[in-house]
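Peer 1: Add 74 to the 1-based position in the sequence shown for this note's numbering, that's all there is to it. What follows is a single structure, and I will ask about it in a moment.
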Amino acid sequence: MNEEEKDNKVKETFSSNKIADKVKISNEFYRDLFFHEDNGNFVVKESMPIEANRIIINILNTLRNKQFQYGVSDDSFQLDLFKKTYLEDDESYAKIVMKSSDISKSRNLELTKKGLQFLVNYKQEWHTVKFYNSKGEVEKKQFYGGLIIDPTIYKGQVSFYINPYWFKKIVALANYNYVLYSLVYSVKSHKQFLFALWLNTLREDGTKVTLEYMNRTWGINYKDLRTLKKGFLDPIKKVLDKSSSFSFNSSVNGNYIGITRYQLRSIGSGAAESSNITSQDDQFKLYKLSYIKKRHNLTKKELEHLEKIFNIDFGAKFLFSSAYKNVVKKYNTARRKDNNKPLITDIPFSELLDDIQEEVISIYSVTKHAQISPKGYPIFNAPL
75 MNEEEKDNKV KETFSSNKIA DKVKISNEFY RDLFFHEDNG NFVVKESMPI EANRIIINIL
135 NTLRNKQFQY GVSDDSFQLD LFKKTYLEDD ESYAKIVMKS SDISKSRNLE LTKKGLQFLV
195 NYKQEWHTVK FYNSKGEVEK KQFYGGLIID PTIYKGQVSF YINPYWFKKI VALANYNYVL
255 YSLVYSVKSH KQFLFALWLN TLREDGTKVT LEYMNRTWGI NYKDLRTLKK GFLDPIKKVL
315 DKSSSFSFNS SVNGNYIGIT RYQLRSIGSG AAESSNITSQ DDQFKLYKLS YIKKRHNLTK
375 KELEHLEKIF NIDFGAKFLF SSAYKNVVKK YNTARRKDNN KPLITDIPFS ELLDDIQEEV
435 ISIYSVTKHA QISPKGYPIF NAPL
């Protein structure tokens, strides 16, 4: 299909001359685009040119007014409108237009091409979207292509197409984090950029991770934590100290390295709101986890496993809480019928997580979010 034919299939064209202080990135989009799952762990897929990261952030900036948020049980008008606009026709695309200088400040044409070409080929495969038609029946629609399709550079502007699979992941926000727009112009590499995004998921008191976790997650190969701190973490901290709204401290203690994020300055009117949400979020999370820990005698490793999931996925705690209540009810009912049945507290927590995971999948499957990503639920029973 040539460009003219594809333009006839374009439902909306988006461009923006205004740069937001920060943009929203869906946790699902973040995971699917940048990571792959390896035995229950999220691992960086592969390195990409920093110009590709800049294209992604500018896509988020351009589409920021199109994004909408919905809860796990929300019957979203915007989601239905999206379905009618992009899924019920035979073929449809969104078109994005941005300045080439937003990709390469020096207007380096070769670097711009490099970033565009990478995203054309990146995850270039068949993608499936499930949705309910007007009769309430589940339909599947498949799209082929990478994150972007058929880029064009002309008179200082770059344009390309996005198919509904990726467009949906960008604009439909069940869970998301803020990303400072300028961050992608401050860091020097893809891994530095992703690490900075990961910092945004940390709770206020930080986290402790092992050398194995850092090497596996970020695709690095340091022999000890002190070398990792000097060679990987300290250069990122130096960049963030100079040009970001947040930075972090790190310290080695035995077999762990502690990482704590802190704010440097306000990033606009949304900062107070974001801080307030985080505070409420932490109160909910700590109350639930303290109860679960005490009732089921969680090991330190089991507790850290849950904390990591809750930090990454804003909606995970609500799914977990609902699933846990259902599992408790199931065990209590079985116990009332037969006193020989075990108490829920007699079940090893690792086995109990299998029951909780089944409930999570069941609850998630009837939500609107499942229409966008059938397997977008958090994994609680991954091997520790």
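Just so it is clear, CB atoms sit at the ideal spot from N, CA and C, and this is done for glycine as well.
Can you list, in chain order, the residues of its chain whose CB lies under 6 Å from that of PRO50, leaving out five sequence neighbours each side?
Peer 2: Since the displayed the chain opens at 75 and closes at 458, residue 50 lies outside it and no answer follows.
Peer 1: Can you give the beta carbon distance from ASN251 to ASN101, rounded, assuming they're within the 8 Å contact cut?
Peer 2: The pair is a contact, with the Cβ atoms about 7 Å apart (cut-off 8 Å).
Peer 1: Kindly indicate which residue of ASN323, THR407, ASP315, VAL194 has the alpha-carbon position closest to the one of LEU338.
Peer 2: The option with the nearest alpha carbon to LEU338 is ASP315.
Peer 1: Within this structure, are the beta carbons of GLY48 and TYR196 separated by less than 7 Å?
Peer 2: Because the chain in this structure spans residues 75 to 458, residue 48 falls outside the shown range and cannot be described.
Peer 1: Along the chain, which unbroken stretches of the beta strand (DSSP E) at least 3 residues long are found entirely within the region 281-337?
Peer 2: Correct list: 281-284, 320-327, 330-337.
Peer 1: Since I believe PHE108 is in contact with LEU268 (beta carbons under 8 Å), could you give me their beta-carbon distance rounded to a whole number of angstroms?
Peer 2: Yes, LEU268 and PHE108 are in contact; Cβ-Cβ is about 6 Å, under 8 Å.
Peer 1: Just to confirm before moving on: does the CB-CB distance between VAL257 and ALA270 stay below 7 Å?
Peer 2: Looking at the sequence itself, residue 257 is Leu, so the reference to Val does not match. Yes, the pair counts as a contact, with Cβ atoms nearer than the cut-off.
Peer 1: Expressed to the nearest angstrom, what Euclidean distance is found between the alpha-carbon atoms of LEU360 and PHE394?
Peer 2: Here the model assigns LEU360 a pLDDT of 42, short of 50, so the residue's position is not dependable, and the following value carries that caveat. If I take the Cα positions, the gap works out to 13 Å.
Peer 1: Do you know how far the Cα of GLU184 is from the Cα of ASP429?
Peer 2: Between ASP429 and GLU184, the C-alpha separation is close to 53 Å.
Peer 1: Closer than 7 Å by C-beta to HIS110: which residues in its own chain qualify, once you throw out the five before and the five after it? Chain order, please.
Peer 2: Excluding positions up to five away in sequence, the list reads VAL117, LYS119.
Peer 1: Using DSSP with H/G/I as helix, E/B as strand and the rest coil, what is PRO238?
Peer 2: Three-state result, PRO238: helix.
Peer 1: Under 7 Å Cβ to Cβ from ARG300, same chain only, skipping five residues before and after it: list those, please.
Peer 2: VAL326.
Peer 1: Excluding sequence positions up to five away, which residues of its chain have a Cβ less than 6 Å from the Cβ of GLU86?
Peer 2: If we look at GLU86 and ignore the five residues flanking it on each side, its Cβ neighbours are ALA168.
Peer 1: Examine the ligand MN and report whether any of its heavy atoms sits within less than 6 Å of the Cβ of VAL440.
Peer 2: Ligands are entirely absent from the displayed structure, and the ligand MN is therefore not among its contents.
Peer 1: Leaving out five residues before and five after ASN289 in sequence, what residues of the same chain have Cβ atoms less than 7 Å from its Cβ?
Peer 2: Hits under 7 Å: ASN295, TYR296.
Peer 1: So, are the CB atoms of LYS367 and LEU377 less than 7 Å apart?
Peer 2: It is a contact, given that the beta carbons lie within the stated cut-off.
Peer 1: Along the beta strand (DSSP E) that carries ASN251, what are the first and last residues, could you check?
Peer 2: Start and end: 250-254.
Peer 1: Taking 7 Å as the cut-off, decide whether the C-beta atoms of PRO448 and LYS243 are in contact.
Peer 2: No; because the gap between Cβ atoms is not below 7 Å, this pair is not in contact.
Peer 1: Between which two residues does the alpha helix (DSSP H) containing SER90 stretch?
Peer 2: No alpha helix (DSSP H) contains SER90, which DSSP labels as neither H nor E.
Peer 1: Tell whether a beta-carbon distance below 7 Å holds between VAL212 and GLN141.
Peer 2: No, the pair does not count as a contact, with Cβ atoms beyond the cut-off.
Peer 1: Check for me: the beta strand (DSSP E) holding LYS96 runs from which residue to which?
Peer 2: Taken as a continuous stretch (DSSP letters only), the beta strand (DSSP E) holding LYS96 covers 96-100.
Peer 1: In whole angstroms, what is the alpha-carbon distance linking ILE129 and ILE223?
Peer 2: Each residue's alpha carbon lies about 13 Å from the other.
Peer 1: In terms of alpha-carbon separation, which member of LYS215, PHE384, ILE236, GLN216 lies closest to PRO225?
Peer 2: It is ILE236 whose Cα lies nearest to the Cα of PRO225.
Peer 1: Looking at ASN135 and VAL97, is the spacing between their C-beta atoms short of 7 Å?
Peer 2: It is a contact, given that the beta carbons lie within the stated cut-off.
Peer 1: Assuming SER319 and VAL232 form a contact by the criterion Cβ under 8 Å, report the distance between their Cβ atoms to the nearest whole angstrom.
Peer 2: With a Cβ gap of about 27 Å, SER319 and VAL232 do not count as contacting.
Peer 1: For LYS403 and TYR104, what's the separation of their Cα atoms in angstroms?
Peer 2: The straight-line gap from Cα to Cα measures roughly 35 Å.
Peer 1: Taking GLY293 as the reference, which of ILE437, ASN139, GLN266 has the closest Cα?
Peer 2: Of the listed residues, the one whose Cα sits closest to GLY293 is GLN266.
Peer 1: Identify the residues that DSSP records as bridge partners of TYR167: which are they?
Peer 2: VAL84.
Peer 1: Using a Cβ-Cβ cut-off of 6 Å (strictly less than) and excluding sequence neighbours within five positions of HIS201, which residues of its own chain qualify?
Peer 2: Excluding sequence neighbours, HIS201 sits near PHE217, TYR239.
Peer 1: Within 10 Å of its beta-carbon, does TYR451 have 16 or more other beta-carbons around it, so buried, or fewer, so exposed?
Peer 2: So TYR451 ends up on the buried side.
Peer 1: What do you reckon, are the CB atoms on SER324 and LYS303 nearer than 7 Å?
Peer 2: For SER324 and LYS303, yes; Cβs fall inside 7 Å.
Peer 1: Which residues mark the beginning and the end of the alpha helix (DSSP H) in which GLU184 is found?
Peer 2: Its alpha helix (DSSP H) spans residues 183-195.
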